[in-house]
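> So in this note's numbering, the last spot in the sequence shown is 863, and the numbers never skip.
Cβ atoms here follow ideal geometry from the backbone N, Cα and C, with glycine treated the same way.
Have a look at this one.
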Amino acid sequence: MAKLALTGGGRCNITNTFEFTASMQEVYPRGTVFMKRALAEFPPSALLEWFEKRGVSFVTEDEGRVFPASGDAMQIVNTLLDSLEGVEIRCRTRLAELPESDIVIVTTGGGSGMEILRGLPVETVPPVPSLFTFNISDTPSGGRSELGSMMGISAEASLLIPGTKFRSEGSLLITDWGLSGPAALRLSSYSARHLAECGYNSPLSVRWCENPEEALRALQEDNPYKMLKSVHPEGVASRLWEYLLHRSGADPLMPWAEAGRRTLNRLASVLLGDVYYINGKTRFRDEFVTCGGVSLSSLNPATLESRERPGLYFAGEVLDVDAVTGGYNLQAAWSSAYLVAKSIIKQYDT
514 MAKLALTGGG RCNITNTFEF TASMQEVYPR GTVFMKRALA EFPPSALLEW FEKRGVSFVT
574 EDEGRVFPAS GDAMQIVNTL LDSLEGVEIR CRTRLAELPE SDIVIVTTGG GSGMEILRGL
634 PVETVPPVPS LFTFNISDTP SGGRSELGSM MGISAEASLL IPGTKFRSEG SLLITDWGLS
694 GPAALRLSSY SARHLAECGY NSPLSVRWCE NPEEALRALQ EDNPYKMLKS VHPEGVASRL
754 WEYLLHRSGA DPLMPWAEAG RRTLNRLASV LLGDVYYING KTRFRDEFVT CGGVSLSSLN
814 PATLESRERP GLYFAGEVLD VDAVTGGYNL QAAWSSAYLV AKSIIKQYDT
């Protein structure tokens, strides 16, 4: 419940409409096939209907993100607690061993919650962090990046890790320590295990502008007597543009008419693939997600029951299923919990 109260900056990004989701792989880098099944069983509309029957109303914001209209995550927490009438809650209680005859549902989350899984008849994937921001340096050896002087500037950009297939695009926020925003968080999710194996040290290429050659030619043709620093490609803030001019080695006071092919090529190169170095990570606020957990291959995908131990179920972040930001991780928790509950109710009914 504590983690639920933190989501969405305390507003609780409870789910996503999936209206702007091009593919499951785009938002669930791990557990894609499973989530297709789980969402078919318990989609966002069913989740919202459950809460609406209990007096909670919702609003949908950009990229399909859904929040309680109250803007208060505690409304969601309290609604869930109110529904637990007759259920005994024990905190700080140690489970010495699993009862043989009882049904046990494990929803411990990722990270430290994995300790309880030792000795259980399930295969696990070692957990590593996901959804984090990048500490950025200008050289592989580390050190503070000059990019930090642009803190507070955002841009629509594309990111990729050279030599891999990991890439993302979207809003990118420059911070004093490096890069944040949806584009960085998505890339951290896609490449979570790769970056862990690299010790969070890796080159990072930033594309600040699509079709930079075309954009630069247009600027030169339309502004021949203006200085390079006076006009800039659409979507690139003026202060960021001056920084990129410096990165390219171009004279910011040079008139556009005097910018030769070599200067334009250097500018295009920086706009197309500006290379920095990831030199560590920083947790995104107090929200974090774990890549890894109980392997879906050791569970019945329709019920999330252990194949080796009948009556032992798993749901939520303890599973090797995780997603990008936007309400997708919470929806995975809701849908997986539904599959477990449905299976247990079916057993009792028979």
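Report the option in A846, T816, C804 and Y861 whose CA atom is closest to the CA atom of F645.
When A846, T816, C804 and Y861 are compared, the shortest CA-CA separation from F645 is found for C804.
> By the three-class DSSP mapping on this structure, what secondary structure does N529 have?
strand
> Mind checking whether M767 and L741 have CB atoms under 7 Å apart?
yes
> Hey, could you find the ends of the alpha helix (DSSP H) A705 is sitting in?
A705 to E710
> Can you say whether M548 is buried or exposed, counting buried as having 16 or more other CB atoms within 10 angstroms of its CB?
buried
> For N792 versus N648, is the C-beta spacing smaller than 7 Å?
yes
> So what's P675 in DSSP terms, helix, strand or just coil?
coil
> Of all the options I858, V831 and A670, which has the alpha carbon lying nearest to the alpha carbon of L809?
V831
> Using CA coordinates, which residue listed in Q860, N526 and E726 is at the minimum distance from G839?
N526
> Exposed or buried, what is S536 when buried is set at 16 or more other beta-carbons lying within 10 Å of its beta-carbon?
exposed
> State whether the segment 689 to 708 contacts the segment 657 to 664, with contact taken as three or more CB pairs (one from each stretch) at a distance under 8 Å.
yes
> Take every Cβ of the segment 811 to 823, pair it with every Cβ of the segment 621 to 640, and state whether three or more of those distances are shorter than 8 Å.
yes
> Give me the Cα-Cα distance between L780 and Y790, rounded to the nearest whole angstrom.
20 Å
> What runs of the alpha helix (DSSP H), each 4 residues or longer, lie entirely inside the segment 778 to 808?
none
> Nearest by alpha-carbon distance to E818: which of T528, F679 and V619 is it?
V619
> In its own chain, which residues sit with a C-beta less than 6 Å from the C-beta of P639, not counting the 5 before and 5 after it?
Counting only Cβ-Cβ distances below 6 Å, and skipping sequence neighbours, we find G805.
> Just to confirm before moving on: does the CB-CB distance between V590 and A582 stay below 7 Å?
Not a contact, by the Cβ cut-off of 7 Å.
> Determine the extent of the alpha helix (DSSP H) in which S458 is found, giving its start and end residues.
There is no way to answer for residue 458, as the model of the chain reaches only from 514 to 863.
> May I have the straight-line CA-CA distance separating D575 from C722, to the nearest angstrom?
23 Å
> Do the CB positions of A728 and P716 come within less than 7 Å of each other?
Annotated as distal: A728 and P716, with beta-carbon spacing of 7 Å or more.
> Suppose you measure from the CA of A515 to the CA of G523; what does that come to, to the nearest Å?
10 Å
> Determine the extent of the beta strand (DSSP E) in which P581 is found, giving its start and end residues.
R578 to P581
> Excluding the 5 residues flanking L673 on each side, which residues of the same chain have their C-beta closer than 7 Å to its C-beta?
F679, R680 and S718
> Return no unless some Cβ of chain D is closer than 7 Å to the Cβ of S702.
The question asks about chain D, but that chain is absent: this structure has only one protein chain.
> Decide if D595 is buried, meaning its Cβ has at least 16 other Cβ atoms within 10 Å, or exposed.
A residue is called buried once 16 or more other Cβ atoms fall within 10 Å of its Cβ, and D595, having fewer, is exposed.
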